[in-house]
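Asks:
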Amino acid sequence: MMGIYIFIFFAYLFGPLIIMSITAFNSAEFPSITPWECFSFRWFNEGKIAYDGQHLAGLLSDWRLHDGIISSLIIGAGVVTLSVPIGMAAAIVLTQVRSQLRDIYYSISIMPVLFPGVIIGISTVVLWDRIAGLGGEGFIADIGRNGIFLTILAQTCFISTYCFLIFVARLQRFDQTQEEAALDLGASQTQVFFKILVPYLSPAIASAAVIAFLFSFENYNTTVFSILSDQTLTTVIASKVRLGISPALSALALTIIALTIIAAVTYEVLRRRTEKRYAESQEKFVKEKAADNRINKKYKAGFKIPKGITAILLIVVFATYGATQIVKNDLYGQSCIDAADKEKKSKFLEQLQTLESNELTDEELSGGSLGGNQDYGDIFGDPSLFQDFGGFD
Amino acid sequence: MSADVELSDVSVTFGSFYAAKNVNVKVNGGEFFSFLGPSGCGKTTLLRAISGFQEPSEGKVLIDNKDMSGIGPNKRPTALIFQNLALFPLMSVSENIAFSLEVRGVSKEERKKRADELLELIALEGQGDKKVHQLSGGQKQRVAIARALAVEPKVLLLDEPLSALDLKLRQRMRTELREIQKRVNITFIYITHDQGEALTMSDRIAVMNEGELEQIGKCDEVYNNPLTPFVATFVGENNPLYGKVTGIEGDKAKIETADGQYLATMNESKKLNIGDESIAFVRPESLFIPRDGDNFDNKINVNIESFEFEGNLKNFYASLKSGAKIKFSVPNAIDTSFITSGSSIVLGFESSKSVILPKASLAID
Ligand SMILES: Nc1ncnc2c1ncn2[C@@H]1O[C@H](COP(=O)(O)OP(=O)(O)OP(=O)(O)O)[C@@H](O)[C@H]1O
Ligand SMILES: [Mg+2]
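First to last, the sequence lines map onto chains E and A. The first sequence begins at 1 in my numbering and counts up by one. The second sequence begins at 1001 in my numbering and counts up by one.
Dropping the structure here:
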């Protein structure tokens, strides 16, 4: 029973992602599973020139997306380097503040997460525009109107608060007598910080850095204002979505998901390996030191099957099913794509011919009875419209 | 190298609250000195004043006759063993022990050598690579001691380090601590609320109550000649007999209680006058069941209520005519089968084994 609930929960969580990932492999122009056109990697590569001449870029050929990713990475790195130290410092200060001031300080510190991101973005731009205006030309004017710089500042404003909360949570469990013990043993305040506090906080530093980066990478509402004329991944995607979503975005999503999974798995494998090595050394140590009768001779470090195996099996089963269907119905490869394109072109041609055969008079077009139709009156007379289109053959 | 520690009129206040008040004590170099007192009486506060974590609000702390005001804990020749030990959980045992050397920039080989020496001192040879959480309670204890000794302090301050251990281990650690102290020969200032611990280990003890020192002295002195009813009942067990002084003979005073008259010894510094409200104290082990030919200064009629078996002793709980309770102990080797619940017997005690003090509050109420 429990298993069913968990399944439903995971289906709810990951269902959309899985469907979206599958659409990345469909050669159709719109992300869809049914109707299935052909299995192809085109949305990971060049994309396609549509039958109507539009260039639908794939992941590899979309330079705007590439620029966006690069600025997103730069901004992410900047935000991490600023937010983590700021959050850590603020959290440490909180441990030093006693009395009523503490509550006030805490409330003020977490306020940035309560502000709408839009406001943070706009206010950063407004402030720096003034600052840039003061300095005339020169450096200040340059960075004051640099979208990447402003975005780093604006995002840091609230992301450092998330870091702050992570550090506060960890510091709450810190035993302050450790600091006193270190002092008592002759350490200076600086040594106490680097030898006691920082090692203790290192897991929090790591998670704060990861979270800061992820928050920065996916942020839209602050960034869209502060980025000015530049573009980040999210603003590029948003502007694309306005023109209709392309399977290239599914391909991008799948790539990001895959990278995340690979990173998580690598981390876990490395962690287990060090843990195992440590356990082995301990085991050896215990064998050497402990009295003979305290060693459990039957003990054996065994291999355990990971619990996630059922989920993985399920995915494999579905994937195999899908793959056999595709192969059976010959829905893959270049020939399939060519056939599909041909069909669409001929359909398009048909429509074109139908349209051309019911020619409209100028009167009808300007009559206004058909609403805005006059705008499109000359659509097929525009020679530039089909300039990218290879023509019908 | 050991050092004298002197507290001169030290008071520590938190707001308007005196955690320690007018404490005057001089601990001699190389001595094992204990502060004994109930929970919350200000022992840790005093220790923090000595180690430099807490500046006294009044008075001075002198170490080797040097005023310590304004000198931080990392500059004082003291090392503190915390109530919760405060070992560094992310470091190995050796790293813990050598921490003080590391922060002083001692080379790695030197540190390792010193850590190994100290591990040997605490009988944990070869266990330096373990993590702290892999040690037993007693082992952690010893690591904390080794870590403190690594600084080569002149004074070692110990804040109830044995309180978390079970009885057997506690008893063994008492002897070990004592031995370590003899070996390194530095001043130990030990804090505990366990009078057994203080009595077995210390050269001298100071009994503390509500932030003030009640008595300082050698263990037997404090046990036999308590200066206040608090000390009389906190250090060891004591039966109070409340009454009024009715007569004085030399250093003895006669006290009239609801259950009869007893003769008890006065303390030189706590002279009494006729008519004073006072308490005579007699310890459970000083109450005897008279045999033929015994002639005690004092006799007392009791009604046995219950008894318990404590191994080497049997403890009897009895009531007096007035309803006052009294406890007495008999070595297990003596046959007491004739004493049953409900029976009335006569007990005797010597006036030299009983002290009489002006009335004041006890440790138990
Ligand atoms: N930082 C502080 N602020 C206010 N009051 C304090 C502070 N530290 C201690 N006290 C108070 O001072 C008194 C003495 O505390 P202290 O820690 O010295 O007790 P203790 O004798 O060590 O007790 P225990 O045996 O339980 O450890 C207590 O009543 C405590 O509440
Ligand atoms: Mg304490």
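Note that the Cβ used here is the ideal one computed from N, Cα and C, for glycine as well. Fair warning: this is a prediction, and the values are worked out from it, not measured in the lab.
Would you call the region 170-181 of chain E and the region 98-116 of chain E touching, i.e. three or more CB-CB distances under 8 Å?
Replies: At 8 Å Cβ cutoff, the stretches do not touch.
Asks: From residue 372 (chain E) to residue 320 (chain E), what distance separates their C-alpha atoms?
Replies: Only weak support is given to the placement of residue 372 (chain E): the predicted model assigns it a pLDDT of 47, under 50, and the value that follows is read from those uncertain coordinates. Rounded to the nearest angstrom, the two C-alpha atoms are 50 Å apart.
Asks: With DSSP collapsed to three states, give me the class of residue 371 (chain E).
Replies: Confidence in residue 371 (chain E) is poor, its pLDDT being 48 and thus under 50, which makes the residue's placement unreliable; the coordinate value appears in the next sentence. Helix, per DSSP.
Asks: For residue 22 (chain E), which of E:254, E:109, E:310 has the nearest alpha-carbon?
Replies: Residue 22 (chain E) has its Cα closest to that of E:254, out of E:254, E:109, E:310.
Asks: Ligand 2 and residue 1160 (chain A): does any heavy atom of the ligand fall closer than 8 Å to the residue's C-beta?
Replies: Yes, ligand 2 has a heavy atom inside 8 Å of this Cβ.
Asks: DSSP on residue 1261 (chain A), reduced to helix/strand/coil?
Replies: DSSP places residue 1261 (chain A) in strand when its eight states are reduced to three.
Asks: Taking residue 1144 (chain A) as the reference, give the member of A:1317, A:1089, A:1182, A:1112 with the closest Cα.
Replies: For the residues A:1317, A:1089, A:1182, A:1112, the minimum Cα distance to residue 1144 (chain A) belongs to A:1089.
Asks: Within the 9 Å Cβ cut-off, does residue 1100 (chain A) reach chain E?
Replies: Taking Cβ atoms only, chain E reaches closer than 9 Å to residue 1100 (chain A), which makes this a yes.
Asks: Taking the Cβ atom as the reference point for each residue, do residue 1326 (chain A) and residue 1263 (chain A) lie within a distance shorter than 9 Å?
Replies: Cβ atoms of residue 1326 (chain A) and residue 1263 (chain A): not closer than 9 Å.
Asks: Establish whether the CB of residue 1051 (chain A) and some CB of chain E are separated by less than 9 Å.
Replies: It does: the Cβ of residue 1051 (chain A) has a partner Cβ on chain E nearer than 9 Å.
Asks: Taking DSSP's pairing of strands, which residues face residue 1205 (chain A) in a bridge?
Replies: Per DSSP, A:1034, A:1217.
Asks: So what does DSSP say about residue 1190 (chain A), is it helix, strand or coil?
Replies: Residue state, collapsed to three classes: strand.
Asks: Just to make sure I have the definition right: I need the residues of chain E whose C-beta is within less than 8 Å of the C-beta of residue 1086 (chain A). Which are they?
Replies: What residue 1086 (chain A) touches in chain E: 175, 177, 178, 180, 181.
Asks: Could you check if residue 1073 (chain A) is buried or exposed, using at least 16 other CB atoms within 10 Å of its CB as the buried criterion?
Replies: Per the 10 Å Cβ criterion, buried.
Asks: For a cutoff of 9 Å on Cβ pairs, would you count residue 205 (chain E) as touching chain A?
Replies: Not closer than 9 Å to any Cβ of chain A, the Cβ of residue 205 (chain E) fails to qualify, so no.
Asks: Flag residue 1083 (chain A) as yes when its Cβ comes closer than 8 Å to any non-hydrogen atom of ligand 1, and as no otherwise.
Replies: Yes, the Cβ of residue 1083 (chain A) comes within 8 Å of a heavy atom of ligand 1.
Asks: Counting only beta-carbon atoms, is residue 1103 (chain A) nearer than 9 Å to chain E?
Replies: By this cut-off, residue 1103 (chain A) is an interface position.
Asks: Using a Cβ-Cβ cut-off of 6 Å (strictly less than) and excluding sequence neighbours within five positions of residue 55 (chain E), which residues of its own chain qualify?
Replies: Cβ within range, chain order: 49.
Asks: Kindly give me the distance between the Cβ atoms of residue 1366 (chain A) and residue 1008 (chain A), rounded to whole angstroms, as I take these residues to be in contact under 8 Å.
Replies: Chain A is shown only over 1001 to 1365; residue 1366 (chain A) falls outside these bounds and no answer can be derived.
Asks: Can you check which of these residues, E:111, E:177, E:57, is closest to residue 240 (chain E) by C-alpha distance?
Replies: That would be E:57, whose Cα lies nearest to the Cα of residue 240 (chain E).
Asks: Just the chain A side, please: which residues come within less than 8 Å of residue 188 (chain E) by C-beta, in chain order?
Replies: Those are 1074, 1103, listed as they occur along chain A.
Asks: Consider the Cβ of residue 162 (chain E): report whether some Cβ of chain A lies at a distance smaller than 9 Å.
Replies: Taking Cβ atoms only, chain A never reaches closer than 9 Å to residue 162 (chain E), which makes this a no.
Asks: Using DSSP's beta-bridge definition, name the partner residues of residue 1157 (chain A).
Replies: Answer by DSSP bridge pairing, in chain order: A:1080, A:1189.
Asks: Please determine, among E:136, E:62, E:144, E:154, the residue with the shortest C-alpha to C-alpha distance to residue 82 (chain E).
Replies: With distances taken between Cα atoms, residue 82 (chain E) lies closest to E:154.
Asks: Of all the residues that make up the region 1012-1027 of chain A, which are near chain E by a beta-carbon distance shorter than 7 Å?
Replies: Within the region 1012-1027 of chain A, no residue qualifies.
Asks: So residue 1132 (chain A) and residue 1226 (chain A) are supposed to be a Cβ contact under 8 Å. How far apart are they, rounded?
Replies: Actually they do not touch by this definition, with Cβ atoms about 41 Å apart.
Asks: Compare the Cα-Cα distances from residue 1169 (chain A) to each of A:1311, A:1136, A:1191, A:1153 and report the closest residue.
Replies: Ranking the options by Cα distance to residue 1169 (chain A), first place goes to A:1136.
Asks: What's the call for residue 1185 (chain A), buried or exposed, on a 16-neighbour Cβ count within 10 Å?
Replies: Residue 1185 (chain A) is exposed by the Cβ-count criterion.
Asks: What's the call for residue 188 (chain E), buried or exposed, on a 16-neighbour Cβ count within 10 Å?
Replies: With fewer than 16 Cβ atoms within 10 Å of its Cβ, residue 188 (chain E) is classed as exposed.
Asks: Residue 1301 (chain A) bridges to which residues according to DSSP?
Replies: Paired residues: A:1346.
Asks: Confirm the yes/no value for this check: CB of residue 1138 (chain A), any heavy atom of ligand 1, distance under 8 Å.
Replies: Not so, every heavy atom of ligand 1 lies at least 8 Å from the Cβ.
Asks: Does the region 203-216 of chain E come into contact with the region 57-67 of chain E, if we say contact requires no fewer than three beta-carbon pairs (one atom in each stretch) closer than 8 Å?
Replies: Too few Cβ pairs lie closer than 8 Å, so no.
Asks: For residue 1348 (chain A), which residues from the same chain have a beta carbon less than 6 Å from its beta carbon, with the 5 sequence-adjacent residues on both sides left out?
Replies: The answer, listed in chain order, is 1288, 1290, 1296, 1299.
Asks: Distance check for residue 1102 (chain A) and residue 186 (chain E), CA to CA, integer angstroms please.
Replies: Those two C-alpha atoms are separated by around 10 Å.
Asks: What does the Cβ neighbour count give for residue 1130 (chain A), buried or exposed, with the cut at 16 atoms within 10 Å?
Replies: Buried, by the Cβ-count rule.
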